[in-house]
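I have placed the structure first, in the form of structure tokens, so that the comments after it can refer back to it.
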Amino acid sequence: MTEFSSALKTWRMVRRYSQLDLALEAEISARHLSFLETGRARPSREMVARLGEALQLPLDARNQMLTHAGFAVRYKSRDWDEAEMAPIRLAVSRQLDGQMPWPGLALDRLWTIRQANPTALALFAAFGVGIGDSLLELMVSERLPQVVENWPEVAHHAAVRLRTESAAQGGVPEFDEAIRHLMRAADGCGPSAGPVVPTVLRLGDQQLSMFSTISQFGTPEDLTLDDLKIELYFPMDDVTETVFEALARG
Numbered sequence: 600m601t602e603f604s605s606a607l608k609t610w611r612m613v614r615r616y617s618q619l620d621l622a623l624e625a626e627i628s629a630r631h632l633s634f635l636e637t638g639r640a641r642p643s644r645e646m647v648a649r650l651g652e653a654l655q656l657p658l659d660a661r662n663q664m665l666t667h668a669g670f671a672v673r674y675k676s677r678d679w680d681e682a683e684m685a686p687i688r689l690a691v692s693r694q695l696d697g698q699m700p701w702p703g704l705a706l707d708r709l710w711t712i713r714q715a716n717p718t719a720l721a722l723f724a725a726f727g728v729g730i731g732d733s734l735l736e737l738m739v740s741e742r743l744p745q746v747v748e749n750w751p752e753v754a755h756h757a758a759v760r761l762r763t764e765s766a767a768q769g770g771v772p773e774f775d776e777a778i779r780h781l782m783r784a785a786d787g788c789g790p791s792a793g794p795v796v797p798t799v800l801r802l803g804d805q806q807l808s809m810f811s812t813i814s815q816f817g818t819p820e821d822l823t824l825d826d827l828k829i830e831l832y833f834p835m836d837d838v839t840e841t842v843f844e845a846l847a848r849g
């Protein structure tokens with residue numbers, strides 16, 4: 600139970616809850632929570648689930664908490680090609696196809712491209728990136744500073760996004776190098792004056808300006824889906840829209 604008690608306390612601190620805050624959120628007594636954190640009380644499977652929900656833990660962390668408490672894991676990690684995942688694949692494909700002629704990607708926990716529409720494939724091919732490649736590696740390469748005209752601003756907001764995702768997952772070591780690299784590139788960049796921070800690309804004699812939105816599955820019960828993000832890109836001007844349309848036509 601030492602591992603469970605330690606993990607519970609660590610996650611409570613990561614979420615910046617006092618024992619009283621977490622006890623109220625989980626609807627248990629602060630005394631019982633204290634006993635769980637010191638190992639004086641053993642949690643039931645239902646209690647582990649309740650604490651995981653109160654702490655808003657990612658599914659992988661909930662599995663770990665169950666294991667630490669001596670229970671079998673609850674959440675599976677299904678293969679993307681399994682028949683059971685067919686409705687999910689269809690949902691992702693429809694979102695990406697519906698985004699055409701603008702770019703759209705499906706990314707996993709470590710920002711690896713799992714699926715992309717034709718415009719996104721054509722756009723990212725300019726950087727030597729395709730399905731199965733990681734956008735983290737692209738961000739720490741020397742390619743982006745050469746073509747992103749507002750790179751310090753983009754780097755700053757990418758670092759903030761990585762920090763937020765890392766904190767939500769209790770720390771992702773693979774993000775650490777990228778965050779340090781991006782913060783050095785940001786060089787004290789401040790807030791943007793606009794409603795969004797666009798990425799302004801210079802590709803040959805063309806300047807493209809775009810922003811993105813991110814969506815996730817609302818009720819995941821699978822580790823693969825818990826980590827999957829769909830990122831859709833939108834043009835900021837008519838020139839960019841025209842280029843996207845040309846890329847979509849191949």
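Using this note's numbering, the first residue of the sequence shown is number 600, and each one after it goes up by one. Glycine included, each C-beta is placed from N, C-alpha and C at the ideal position. This structure is a prediction, so every number in the text was calculated from the model and none was measured.
Rounded distance between the beta-carbons of residue j and residue i, thought under 8 Å
i, j, result
"Ala-719", "Gly-703", "6 Å"
"Phe-816", "Val-795", "Contact doesn't hold; Cβ gap of about 24 Å is too wide."
"Met-664", "Val-647", "5 Å"
"Leu-743", "Leu-735", "That belief does not hold up - the Cβ atoms of Leu-743 and Leu-735 are roughly 12 Å apart, past 8 Å."
"Leu-658", "Leu-831", "The Cβ separation is near 24 Å, so there is no contact."
"Trp-701", "Pro-834", "7 Å"
"Leu-621", "Arg-611", "5 Å"
Residue i to residue j span [Cα, whole Å]
i, j, result
"Gly-787", "Arg-644", "47 Å"
"Ala-845", "Ala-721", "10 Å"
"Gly-727", "Glu-626", "51 Å"
"Gly-638", "Ser-604", "6 Å"
"Ser-628", "Arg-708", "35 Å"
"Leu-650", "Gly-793", "40 Å"
"Ser-676", "Arg-688", "15 Å"
"Leu-635", "Ile-829", "37 Å"
"Asp-836", "Val-799", "11 Å"
"Glu-773", "Met-699", "31 Å"
For residue i, three-class secondary structure by DSSP
i, result
"Asp-786", "coil"
"Ala-640", "coil"
"Ser-740", "coil"
"Gly-793", "coil"
"Leu-654", "coil"
"Met-809", "strand"
"Thr-818", "coil"
"Gly-703", "strand"
"Ser-628", "coil"
"Phe-634", "helix"
"Arg-677", "coil"
Distance cut-off 7 Å: residue i Cβ against heavy atoms of the ligand COA
i, result
"Phe-774", "The model depicted lacks the ligand COA and carries no ligand whatsoever."
C-beta contact flag for residue i and residue j at 8 Å
i, j, result
"Ala-668", "Pro-686", "no"
"Val-672", "Gly-769", "no"
"Val-753", "Val-747", "yes"
"Glu-807", "Val-842", "Per the sequence presented here, residue 807 reads as Leu, with Glu not at that position. Result yes, Cβ atoms of Leu-807 and Val-842 sit closer than 8 Å."
"Ala-784", "Pro-751", "yes"
"Leu-695", "Ala-715", "yes"
"Gln-618", "Leu-632", "yes"
"Ser-740", "Trp-710", "no"
"Ala-705", "Leu-824", "no"
CA nearest to the CA of residue i, picked from the options
i, options, result
"Asp-678", "Ala-640, Leu-709, Arg-713", "Arg-713"
"Gly-697", "Thr-711, Met-684, Glu-683, Pro-717", "Pro-717"
"His-780", "Arg-762, Val-838, Asp-825", "Arg-762"
"Met-782", "Gln-694, Leu-824, Ala-660, His-755", "His-755"
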